[in-house]
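Below: the structure, in structure tokens.
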Amino acid sequence: MSQLLEPLAFPLHGSRLIEASAGTGKTWTIAALYLRLVLGHGGDNAFVRPLLPSDILVMTFTRAATRELSNRVRERLVQAAAYFRGEVELDDPYLQDLADSYGDDSERFVAAHRLVLAAETMDEAAIFTIDAWCQRMLREHAFDSGSLFDEELVSDERALFEDAAHDYWRQHVYPLNSHALAAVIDTWRDVEALKASVRDLVGRTAVLGAPDPEPLASLVARAQRSQQAELARLKDGWFERANEMERWIAGHRAANAKCFNGNKMRADSLVKWFEALRAWAQDPAMLEPDVTDTAWKRLTPHGILDAFSKDFSAEVPACFDGTEALREALDAIDPLAHALLRHAAGHIAARMAELKQRTRQFGFADMLARLKDALEGPNGEALRRRIVTQYPVALIDEFQDTSP
1 MSQLLEPLAF
11 PLHGSRLIEA
21 SAGTGKTWTI
31 AALYLRLVLG
41 HGGDNAFVRP
51 LLPSDILVMT
61 FTRAATRELS
71 NRVRERLVQA
81 AAYFRGEVEL
91 DDPYLQDLAD
101 SYGDDSERFV
111 AAHRLVLAAE
121 TMDEAAIFTI
131 DAWCQRMLRE
141 HAFDSGSLFD
151 EELVSDERAL
161 FEDAAHDYWR
171 QHVYPLNSHA
181 LAAVIDTWRD
191 VEALKASVRD
201 LVGRTAVLGA
211 PDPEPLASLV
221 ARAQRSQQAE
231 LARLKDGWFE
241 RANEMERWIA
251 GHRAANAKCF
261 NGNKMRADSL
271 VKWFEALRAW
281 AQDPAMLEPD
291 VTDTAWKRLT
301 PHGILDAFSK
311 DFSAEVPACF
321 DGTEALREAL
331 DAIDPLAHAL
341 LRHAAGHIAA
351 RMAELKQRTR
361 QFGFADMLAR
371 LKDALEGPNG
381 EALRRRIVTQ
391 YPVALIDEFQ
401 DTSP
């Protein structure tokens with residue numbers, strides 16, 4: 001159960017989560033907690049000892065945010081020190097309560113000294129973007145992390161991506177037989193289309209896992225066989241079902257021309273819908289019937305009942321029961337394009353990693369992955385201890401779910 005945040009009493013040990021949306025005072029709260037960490041304030045809720053700015057890791061997402069946080073924290077430290085010494089009067093309930101927790105002037109002056117010292121050493125504050133912090137850890141702890149000293153950080157990986165994508169096209173697409181090539185060309189007409197569709201996905205290969213070692217031609221054939229088998233199963237009986245649905249509607253209309261709402265059940269639309277269903281059922285290669293969303297909704301028991309005129313009612317036959325399930329099953333079929341995208345993204349990302357290793361380069365996303373691998377590797381425990389000793393407290397302001 002969530003609790004209302006009380007910055008003055010918030011526990012400064014263990015793992016804690018503060019949920020806050022934009023504009024709710026996140027920066028103010030970080031600065032407030034920072035003061036308490038510098039002071040060692042809080043009794044049972046305090047950290048075990050007072051800290052300096054170099055001890056308190058603060059991570060956020062952008063460089064602009066790091067500058068703002070650093071400036072705001074420095075200003076808050078200076079302001080708090082002046083208030084504790086009685087040099088300024090402020091209408092600030094937080095600072096008032098914080099100062100009141102110190103029993104006498106001597107304790108407040110000691111606290112003010114800590115605040116001044118922290119403000120004067122803010123140039124050493126550990127306020128970083130996540131990427132910058134990972135880079136620092138890899139360099140400062142190169143032996144434990146297994147990083148190379150002479151690697152170059154590449155901020156723009158577009159040239160690497162271009163080379164890797166063209167390599168993929170040459171190595172995997174050129175050798176395809178005519179049948180597999182036709183299937184691939186349906187997804188990407190050329191290498192430029194490949195690059196446009198896979199560019200963003202290449203950065204998400206940590207989610208997709210290792211590249212699929214299966215040859216592209218084999219993958220295409222297997223995916224097509226699986227898709228065709230599922231389509232054959234779904235199409236079984238639908239030609240007859242479409243005829244049965246059409247006959248039932250036509251029979252009621254013949255007996256009572258006004259049994260259906262004319263706007264909801266148009267004769268010309270019905271002809272197109274049932275022709276499309278029959279064409280799909282008879283064509284093994286057609287993925288979906290060429291019908292509108294309106295058709296999918298109307299040719300269900302609920303849709304039929306909704307189309308009845310006010311003075312008409314009838315029992316809807318079972319032939320309409322399968323329409324909704326059919327659409328869900330068709331939507332669940334994994335398109336060949338998805339398998340192709342996963343294959344291409346995995347191999348292009350692996351090729352980029354190979355090119356970077358060969359030229360002793362690394363990108364921003366590599367830093368997060370490398371630090372994670374190092375922490376999970378043979379020297380991971382030693383690296384973890386060094387980082388925890390260096391930064392006994394971490395405040396994570398913001399991260400993005402697009403990060404690896």
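Once you know that position 311 of the sequence shown is 311 in my numbering, the rest is easy, because the numbers rise by one and skip nothing.
Cβ coordinates follow ideal geometry from the N, Cα and C atoms, glycine included.
6 Å CB neighbourhood of His347 in its chain, flanking five on each side removed: Tyr168 and Pro211
- request: In angstroms with no decimal places, state the Cα-to-Cα distance between Pro50 and Phe10.
  value: 16 Å
- prompt: Per DSSP, what kind of secondary structure is Ala316 in: helix, strand or coil?
  reply: According to the sequence provided, residue 316 is Val. The question's Ala does not apply to it. Looking at Val316 - three-state DSSP - the assignment turns out to be coil, as it is neither helix nor strand.
field: Runs of beta strand (DSSP E) wholly within the segment 144-194 (minimum 3 residues, chain order)
entry: none
task: Indicate the three-state DSSP secondary structure (helix, strand or coil) for Asp401 in the structure shown.
output: Caution applies to Asp401, whose pLDDT of 49 falls short of 50 and renders its modelled position unreliable; the value that the coordinates give is listed next. Asp401: coil per DSSP, three-state reduction.
message: Check for me: the alpha helix (DSSP H) holding Ile387 runs from which residue to which?
response: Gly380 to Gln390
Pick from Leu383, Glu376 and Phe364 that is closest to Thr62, judged by C-alpha positions: Phe364
task: Drop a sphere of 10 angstroms on the beta-carbon of Lys356, count the other beta-carbons inside from all chains shown, and report buried for 16 or more, exposed for fewer.
output: buried
- prompt: So Val58 is in the beta strand (DSSP E); what residue range does that whole segment cover?
  reply: Ile56 to Thr60
The alpha helix (DSSP H) enclosing Val393, as first and last residue numbers: Looking at the DSSP string, Val393 is not in any alpha helix (DSSP H); the run it does join, the beta strand (DSSP E), is Val393 to Ile396.
query: Could you give the distance in angstroms between the alpha-carbon of Ala344 and the alpha-carbon of Val198?
result: 7 Å
field: CB-CB length for Asp397 against Leu95, believed under 8 Å
entry: The Cβ separation is near 22 Å, so there is no contact.
- prompt: Smallest Cα separation from Tyr83: which of Asn71, Arg108 and Ala64?
  reply: Arg108
field: DSSP state of Thr323 mapped onto helix, strand, coil
entry: helix
- request: Give the C-beta separation of Phe47 and Leu33 to the nearest angstrom, bearing in mind that I take them to be a contact with Cβ-Cβ under 8 Å.
  value: That pair is no contact at about 10 Å.
- request: Within the same chain, show all residues whose beta-carbon is closer than 7 Å to that of Ile304, passing over the 5 residues directly before and after it, in chain order.
  value: Val316 and Phe320
- prompt: Using 8 Å as the Cβ pair cut-off and three pairs as the minimum, do the segment 283-290 and the segment 247-264 touch?
  reply: no
field: Local conformation of Ile304 per DSSP, three classes
entry: helix
Given Ala374 as reference, the closest of Arg16, His41 and Arg139 once Cα atoms are compared: Arg139
message: Suppose you measure from the CA of Ala255 to the CA of Ala232; what does that come to, to the nearest Å?
response: 36 Å
query: For the beta strand (DSSP E) that Ala126 lies in, which residues bound it at each end?
result: Ala126 to Thr129
task: Note down the Cα distance separating Ile387 from Ser178, rounded to an integer number of angstroms.
output: 55 Å
Straight-line Cα distance separating Arg225 from Asp131: 44 Å
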